[in-house]
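Report on one structure; see the data block that follows.
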Amino acid sequence: MSDADTRADTATADPAGSGWPETEVCPGCGAVTAAVPGLGNRSPGASASCAGLFEVTVRGLQEDAAQDVPTAALLQLATDGYAAQHPVDGEPAAAAVRLCLWLERGTDPLRAAELAGRVDDAAPRLPFRPVRWTTTVADLAADLDVVDLPALVRSWADAVWTDWGAAHPAVRAAADAALPSPDAAR
Ligand SMILES: [Zn+2]
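Here my numbering is used: the first residue of the sequence shown is 47, the next is one more, and so on.
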């Protein structure tokens, strides 16, 4: 199985197939996925197979983002949703702050680069993380055949933000601090 074919298979590996696959539990989102040998992990806070599943799921968005503004915005939302679901202990919650900006403050996700410094300065270090997640990338990949990706990404990002509920006051305050004042006054 090539890693390009792992999209849904990692979430639904057949135990009666050619040998019981090794599975791994993602330390970020808790998804149980088949371990894919040789998959490098570029996402701290996630298992290699979960990060690989995310990459495969958004590959189409990455291919189109350079030519298409709405796709670039959706890819930014997906990237921040994934990062917010895979926090690294002790690191500032910048991804959660960005999710708040895109989802609650109506900020254009394409301003991520412009706001990066302000978001990093404002992002709080959160002493906890959600104990459970409503939707993971494994759920998203499993639904991809019946629901289109933009709708899935939006509802998943909404669910990630909702799951962070206990941190909303701190994250909202940071999001408002990250917006330049003309935005904040709106
Ligand atoms: Zn994960």
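Note that the Cβ used here is the ideal one computed from N, Cα and C, for glycine as well.
The beta carbon of residue 164 is closer than 7 Å to those of 224 in its chain, skipping five residues each way along the sequence. Under the criterion of beta carbons closer than 8 Å, residue 149 and residue 124 do not qualify as touching, at roughly 13 Å. Of the candidates 88, 73 and 67, the residue whose Cα lies closest to the Cα of residue 81 is 67.
Assignment of residue 192 by DSSP, reduced to helix, strand and coil, places it in the coil class.
For the pair residue 205 and residue 181, the CB atoms are nearer than the 8 Å cut-off. For residue 186, the closest C-alpha among the options 201, 87, 218 and 173 is that of 201. With fewer than 16 other CB atoms across the displayed protein chains lying within 10 angstroms of its CB, residue 178 is exposed. The DSSP assignment places no complete run of the beta strand (DSSP E) inside the segment 142 to 194 (cut-off: 3 residues). The beta carbon of residue 227 sits no closer than 7 Å to any heavy atom of ligand 1.
Across the set 221, 92 and 207, the C-alpha of 92 shows the shortest separation from the C-alpha of residue 133.
A heavy atom of ligand 1 is found nearer than 7 Å to the CB of residue 74.
In the three-state DSSP reduction, residue 101 falls in the helix class (H, G or I).
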